[in-house]
Amino acid sequence: PSKRYVENKFSQLVAGFANSEGGVIIVGVTDIFPRQVVGIGTDLTTVERNMQYTKEVINEYIKYDSEFVHLQQVSVPDTNSDLQLCLVIAVRQTYQSVGVKSIDGKSYSYPVREETGLTWEEPGS
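If you read the sequence shown in my numbering, its first letter stands for residue 1, the second for the next number, and so on.
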């Protein structure tokens with residue numbers, strides 16, 4: 001998949017949490033069970049760059065009048081008890097529907113997180 005496709009899907013995930021009850025995304029942990037801590041790098045400059053890139057992606061695809069996402073780097077032990085830096089993305093529930101701009105910029109979708117997936121609703125539903 002293209003970089004823009006992946007950015008858009010990530011933005012849908014963030015908006016899906018905001019449009020439901022909020023939630024937490026941990027970058028640096030595998031999606032496949034058993035989940036493993038792999039980290040996002042050990043160089044603080046790289047981690048800061050990743051945090052900035054994450055903010056830029058959210059700002060490009062999601063327009064909302066107030067902050068509803070908080071990014072925090074944390075150190076988490078892996079299976080060898082070595083500390084790995086991970087990025088925690090805390091998403092709070094929003095009062096109004098959060099839309100995600102399509103890749104072509106011509107429309108918005110309104111994802112909602114349900115269990116382990118996303119559904120789409122009309123704004124304000």
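Yeah, the Cβ is synthetic: ideal placement off N, Cα and C, and Gly gets one too.
- In the three-state DSSP reduction, Val24 falls in the strand class (E or B).
- Residue pairing for Lys101: DSSP places it in a beta bridge opposite Tyr108.
- Around Asp78, the same chain offers Gln36, Val37, Val38, Gly39, Gln84 as residues with beta carbons nearer than 8 Å, after the five sequence neighbours per side are excluded.
- Note that the C-beta distance between Asn8 and Glu121 is not below 9 Å.
- Looking at the backbone, the Cα of Ile25 and that of Val74 are separated by about 12 Å.
- Taking the Cα of Phe68 as reference, the smallest distance to any Cα among Asp82, Gly99, Thr46 is reached at Gly99.
- Shown here, Thr79 sits in coil according to DSSP, grouped into three states, outside any helix or strand.
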